[in-house]
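Chains A, B, C and D are the protein sequences, given in the same order. Numbering-wise (our numbering), the first sequence opens with residue 382 and increments by one. Numbering-wise (our numbering), the second sequence opens with residue 382 and increments by one. Numbering-wise (our numbering), the third sequence opens with residue 122 and increments by one. Numbering-wise (our numbering), the fourth sequence opens with residue 122 and increments by one. Worksheet: one structure, shown below.
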Amino acid sequence: MSTKYSTYVDGEEFAIAVNKDGSVAIDGETVSVDMLHIANNVIYSMIAEGRSSEVYASLEDGAWRILLDGQRYEVIVEDERTKQIKSLQRAAGGATGDTLVKAPMPGLVIKVLVEVGEHIAVNAPLLILEAMKMENEIRAPREGIVKEIRVEAGKTVELQQPLLILGDPEAEKQGDS
Amino acid sequence: MSTKYSTYVDGEEFAIAVNKDGSVAIDGETVSVDMLHIANNVIYSMIAEGRSSEVYASLEDGAWRILLDGQRYEVIVEDERTKQIKSLQRAAGGATGDTLVKAPMPGLVIKVLVEVGEHIAVNAPLLILEAMKMENEIRAPREGIVKEIRVEAGKTVELQQPLLILGDPEAEKQGDS
Amino acid sequence: MKESSRKILVANRGEIAVRVLRACQELGMRTVAVYSTADRNALHVRYADEAYLLGPPPSAESYLRKDKIIEIAKACGADAIHPGYGFLAENPEFSRAVTEAGLVFIGPSPESMRMMGNKVEARRIADEAGMPIIPGCSSDLTNDEIVAFAETIGYPVMVKAAAGGGGKGMRVVRDAESLPAALDAARRESTAAFGDPAIFIEKLVENGRHIEIQILADQHGNCVYLGERECSIQRRHQKLVEESPSPFVDEAMRKQMGEVAVAGAKRAGYVNAGTMEFLVDRDRNFYFLEMNTRLQVEHPVTELVTGVDIVKEQIRIAFGRRLRYKQEDIKLKGHAIEARITAEDPYNNFLPSIGTIASLTEPTGPGVRVESALYEGMEVTLHYDPMVAKLIVHGTNRANAIMRLRRALGEYRILGIKSNIPFHQRLVENWNFQAGNFDTGFLAANPDLMDDWVPSKRRTAAIAATILAHRRRQQALVMVGGVGDSPSQWKIEGRRRAVRRN
Amino acid sequence: MKESSRKILVANRGEIAVRVLRACQELGMRTVAVYSTADRNALHVRYADEAYLLGPPPSAESYLRKDKIIEIAKACGADAIHPGYGFLAENPEFSRAVTEAGLVFIGPSPESMRMMGNKVEARRIADEAGMPIIPGCSSDLTNDEIVAFAETIGYPVMVKAAAGGGGKGMRVVRDAESLPAALDAARRESTAAFGDPAIFIEKLVENGRHIEIQILADQHGNCVYLGERECSIQRRHQKLVEESPSPFVDEAMRKQMGEVAVAGAKRAGYVNAGTMEFLVDRDRNFYFLEMNTRLQVEHPVTELVTGVDIVKEQIRIAFGRRLRYKQEDIKLKGHAIEARITAEDPYNNFLPSIGTIASLTEPTGPGVRVESALYEGMEVTLHYDPMVAKLIVHGTNRANAIMRLRRALGEYRILGIKSNIPFHQRLVENWNFQAGNFDTGFLAANPDLMDDWVPSKRRTAAIAATILAHRRRQQALVMVGGVGDSPSQWKIEGRRRAVRRN
């Protein structure tokens, strides 16, 4: 018996089964894995088929932050049941396609560069936030439609304060149709 | 109001009062002290009358181990009540003058160099312990009379296993008289 | 007075304060730190022999409090003040006030600082000293006058703040339409950063390299140059990587640049450590840009190739000692590269990242030097500059240094904040960087260096995370409740959807 | 074959395994670690690209398993094996077996290793090559024969193990009465350490200095010396501090020693990195002691003053490349000192200390290099050598290097075990050490360096501990129960009583 997971690394999906003997099957290939905790709650050493990796791992907001050789990866691990529930929910519709853009740092909103209803591309500038005496552009994490803007120029914002909401362009189209 | 302590640093005694306002009186002199915890349960920063010190502190076996500029200090802090009880107990007699010498590492006892009843000086070699393929002399932490030997040549010992007991030479004399 | 009985106050914070404190300690001198309440636990406070509170976190109420710093220095019996870089390092009034208080200021005189610190006046002196300069205007023009001047030199132009450095206020403008807005923004930034709205414009030298010459001058008229630093890897006019020697400079050019730098310093009556910045075009013509009248962030690369401890020399010079080096003693050995480590997210437009350092492992071993303000448990806040550390490597040649930098970056582990280490890791793999083919437009021309990329270890990350998730699931009786109970369900959804579309 | 596609297996552990892995990584080579179960979490395992288990903790079942190491190397496709120092580094059968398995051994040939590895035979070769040697006997004598030989050379004599090094088995004997017991003890130690009871004696040169010459020789007949290392600061014949250059050696003596070292290496047909150890008497006469046919613990001091990366050169040489340096390229710049950091209690007769590393802060900044196997959470056990790290500093001259070492030692924080850092701190304050006045008898003549001392910060320690105890008392409702409930009441009593008597 094994437990099956769908694992998303920065978006890319892997089908992984963890076997009773501790080995792992990834996309069909079985890999022996020896994973030990080292220190500090976050540092692990993993040896998989002889390949040695120092892994820094922490679970934040439902996603695993993995640091390997100084590179950061965001990993979401879903088991079968969670996956099924989500897929059912998605079939039933719902605002799951919305993305809330939050302030990555406290600062002063200098200018808002978009309007509600605007269709913007990924990486498009959304607003300018001044912090550390520098003007920083906040960009779109994904393509989408600006559904709501919650701040205005001249206002200060706190860390993680919601700035605006990006809606799914396809969902919008469906809603319009 | 202040709380009074007798503090022994590697033997040397300091009379210290901690005042309500957080300042400290040491041997009569008042010192303003700002002490903050930094990290890791053991790291502190202390600024006393402008003098800044990074302090690593942990409480082990009733003694504070303090690391300052890489130097280690053993500090025993006694409050008034504890001190009184101990002094009463000492007046009533008791084996408080005995020192238990324990194995500082696991190893093999190669040779015992002293006999029961022997009066030995501080730093006198007590026995030879082999560990890490080297022969190590275990020396007397203080002057004293060998009261009891708990190991013999050829035996292996565990870390912290009692090796022998050193008695107080003066106490012995009193006992004899 | 015996040097070892001297006491030095360091009027700064962060890695540079620690750097200067170490130099003082190695000279046997006693040390004094000053700090804002945000820095009570900072390394420089714990490192110094004495530490005194300046005030609340904002710089204007702490590290820029000239009066309070001098008052503390006098009260604790300090002999001298080292200003580090930034804050009061290029403030002539501070230099003067320190001296008038009977203390030694470890830096240039207020006169030469004022002269060379103002970019416009410095251009005039450089011109007089025979250095080539780029056409530009003075800093007392109105916006309309600047727009008119721009027509006479032609576009593109560079907008600059007359005071200060660090890229603040700088902007490239390519047409007349954009100029007025850029001038406004630059004045805003310059006012916020330096309390001075004065700006000016210069003709933009495109695809130039930023190369600078380190000089040391004593009070007895001796002045040497310590070779050059290549600082062209910049983002928004902020240096990210510096090296020495420059892969673009040969022995003859080094000598030529070094000699005009020394000539300029002498003309300004300059004493102590300083840097002449040049813009070098593709044909190896070099133009004076500005002088930094202080220690530079990137001074360690020069130290590693010359063997000269610039901070110790600064202190010796300030106490009236003669330079220990003649020009012929200065030989560059090997190659050094510095990577500035900032609390910024390279995958998200270099936005500053804040948080508590949960775990820290700094690289070490052969040829690696770390200058850092980081420690486990440290709070990285928005009060000060996001540069939290510097990684500097030294190798027998440039290729060895790059491979060593690559190795050291792979060892660096900072948990709790996002850092720009992944950016540096991509940079060292870039063939043009490896070949030395770059100028100040390099990052703008290679935006992929700052994008998300597909690193090679996704599969490893997937296995590691899955095993940890599996263990957590085994431990917990009930794992996930209903959907939507996680605070970042939206984010997770967004990420997964982003994939599906690919 | 392109160097960057090569794969190297490092048959070692601890700081030296990490050192070698870093060199491979900087050469762009892939890396393989091997480990015992005690080292599953060790830095070298986590640092390498691949890692394979050798066996249980005892060296004989893990790091000395020649067969298993070669089997792993072949199975994973490694091209070469680097043995580090210790373990199999000076084992001619291993060198031979590696070569016979079709792999490259990064070290000398089995023939020259055997020749120079046996101290008695090495003395013969040195003698033939014209090097001065100390009178001594061969290693095939019985105890009685050795006693008789001792009469012919006179006391004091030095007892030595024919195999191996590191001070194991070495003893000074001052009279005929003590000799038999010393011979027995030396044979016991040598058997335990090297599996070989063969010992011999030499006339003791008293108050000698231990000075050694680093050489590098390629497969094409080129051989250079990289200056000397001063290694006289020893305790029980184990080096504690090494430096380069030696304060005792001038240019002429360096050249003379270097040239005989190269002559000896050439006579032995020696290839790769090696060290000729000499004993130098007060009149600057030097005598060949032995050759180490491997990388030395103290190689970094030579790297810092010459700029040569000895480990990278070892690898290049093993793959048949020519030496990149001619003798005239080798120039000593500045001064370097290494302090070996061991898990030993200097206040308690240097007894090994074990435990878990609770907190670790390594020194950094200008001129500081740390080679370390330590990490937070590490278990320091008795299975292997107590040397856990090395602190190496580089300064413009010896005085600067000492001040820098002093600064770096003050920054070093290891919690969870006792280390010999306080010993080093006392040493750098010692005037005779500072003046360069010492020989191998220095520590024996200055036992105060290893005693408890009265450091200057007792008062600070008292205040800190009292405040912490006070806070703990405030937090707890009931603090101390009756007397005697603390496990170490005896120790506490003993300590307090010790005071009262003063």
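Built from N, CA and C at the ideal position, the CB exists for glycine as well.
Tell whether a beta-carbon distance below 9 Å holds between residue i and residue j.
| i | j | result |
| --- | --- | --- |
| S260 (chain D) | A302 (chain D) | no |
| Y437 (chain A) | S480 (chain C) | yes |
| R534 (chain C) | G498 (chain A) | no |
| I336 (chain D) | G395 (chain D) | yes |
| K240 (chain D) | M279 (chain D) | no |
| E524 (chain B) | I546 (chain B) | no |
| E569 (chain B) | V493 (chain B) | Because chain B here runs from 382 to 558, residue 569 (chain B) falls outside it and cannot be looked at. |
| N466 (chain D) | K539 (chain D) | Note that residue 466 (chain D) is Asp in the sequence shown, not Asn. Contact: yes. |
| V225 (chain C) | D200 (chain C) | yes |
| D317 (chain D) | A282 (chain D) | yes |
| L425 (chain C) | R525 (chain C) | no |
| L508 (chain B) | M486 (chain B) | no |
| D479 (chain B) | T384 (chain B) | no |
What does residue i reach in chain D if we use C-beta pairs closer than 9 Å?
| i | result |
| --- | --- |
| K626 (chain C) | The question about residue 626 (chain C) has no answer here: the residues shown for chain C are numbered 122 through 623. |
| M486 (chain B) | L472, P473, S474, I475, L503 |
Going by DSSP, name the residue or residues bridged to residue i.
| i | result |
| --- | --- |
| Q335 (chain C) | C:T396 |
| K385 (chain B) | B:A398 |
| E455 (chain B) | B:R446 |
| A201 (chain D) | D:I129, D:V225 |
| H456 (chain D) | D:G516 |
| H418 (chain A) | A:Y425 |
| G548 (chain A) | A:I526 |
| C344 (chain D) | D:A338 |
| D460 (chain A) | A:Y386 |
| I501 (chain A) | A:G525 |
| K195 (chain D) | Per DSSP, none; premise fails for K195 (chain D). |
| F409 (chain D) | D:I254, D:F399 |
| V280 (chain C) | C:R292, C:I322 |
List the residues of chain C whose Cβ lies closer than 7 Å to the Cβ of residue i, in chain order.
| i | result |
| --- | --- |
| Q95 (chain D) | Since the first and last residues shown for chain D are 122 and 623, residue 95 (chain D) lies out of range. |
| R525 (chain D) | E147 |
| I428 (chain B) | A172 |
Listing by chain order, which chain D residues have their CB less than 8 Å from the CB of residue i?
| i | result |
| --- | --- |
| S434 (chain B) | K578, T581, A585 |
| L448 (chain B) | R534, L536 |
Any heavy atom of the ligand SAH closer than 8 Å to the CB of residue i?
| i | result |
| --- | --- |
| N393 (chain D) | This structure lacks the ligand SAH, and indeed carries no ligand of any kind. |
Who are the neighbours of residue i on chain B, taking C-beta pairs under 8 Å?
| i | result |
| --- | --- |
| A154 (chain C) | S433 |
| S480 (chain D) | N421, V423, I424, Y437 |
Who are the neighbours of residue i on chain C, taking C-beta pairs under 9 Å?
| i | result |
| --- | --- |
| G548 (chain A) | Within chain C, no residue comes near G548 (chain A); the closest Cβ sits about 11 Å away, beyond 9 Å. |
May I ask you to list, following chain order, the residues of the region 495 to 511 of chain C that have a beta carbon less than 9 Å from some beta carbon of chain B?
Across the region 495 to 511 of chain C, CB contacts with chain B closer than 9 Å involve Y496, E497, G498, M499, in sequence order along the chain.
Interface residues of the region 162 to 186 of chain C facing chain B [CB-CB below 7 Å]
If the cut-off is 7 Å between Cβ atoms, the region 162 to 186 of chain C has N162, V166, R167, A169, D170, E171, A172, Y173 near chain B.
Taking contact to mean 3 or more Cβ pairs, one atom from each stretch, closer than 8 Å, check whether the region 326 to 333 of chain C and the region 307 to 317 of chain C are in contact.
Three or more beta-carbon pairs separated by less than 8 Å are not found between the region 326 to 333 of chain C and the region 307 to 317 of chain C, which leaves the two stretches without contact.
Could you list the residues in the region 188 to 218 of chain C with a C-beta less than 7 Å from some C-beta on chain B, going in chain order?
The residues in question are C197.
Closer than 7 Å, Cβ to any Cβ of chain D: which residues of the region 452 to 478 of chain C, in chain order?
Closer than 7 Å at the C-beta level to chain D, one finds these residues of the region 452 to 478 of chain C: K454, G455.
Are the region 370 to 387 of chain C and the region 340 to 351 of chain C in contact at 8 Å, needing three or more beta carbon pairs?
Proximity of the region 370 to 387 of chain C to the region 340 to 351 of chain C meets the contact definition, three or more beta-carbon pairs being nearer than 8 Å.
Take every Cβ of the region 484 to 504 of chain C, pair it with every Cβ of the region 129 to 149 of chain C, and state whether three or more of those distances are shorter than 8 Å.
In the pairwise beta carbon analysis, the region 484 to 504 of chain C is classified as touching the region 129 to 149 of chain C: at least three pairs are separated by under 8 Å.
Can you list, in chain order, the residues of the region 514 to 545 of chain A whose Cβ is nearer than 8 Å to any Cβ on chain C?
Taking 8 Å as the Cβ-Cβ cut-off against chain C, the residues of the region 514 to 545 of chain A that qualify are K514, M515, E516, N517, E518, I519, R520, P522, R523, L540.
How do the region 545 to 556 of chain C and the region 407 to 425 of chain A stand: do at least 3 beta-carbon pairs fall below 8 Å, yes or no?
No: fewer than three Cβ pairs fall under 8 Å.
Does the pairing of the region 401 to 409 of chain B with the region 500 to 519 of chain A give three or more beta-carbon distances under 8 Å?
Too few Cβ pairs lie closer than 8 Å, so no.
Would you call the region 429 to 444 of chain D in contact with the region 142 to 156 of chain D, where contact means no fewer than 3 C-beta pairs closer than 8 Å?
Contact holds: three or more Cβ-Cβ distances are below 8 Å.
Just by C-beta distance, which residues in the region 327 to 354 of chain D are closer than 7 Å to chain B?
Those would be none; no residue qualifies.
Are at least three pairs of beta-carbons, each pair with one atom in the region 210 to 220 of chain C and one in the region 358 to 365 of chain C, less than 8 Å apart?
Short answer: they don't touch.
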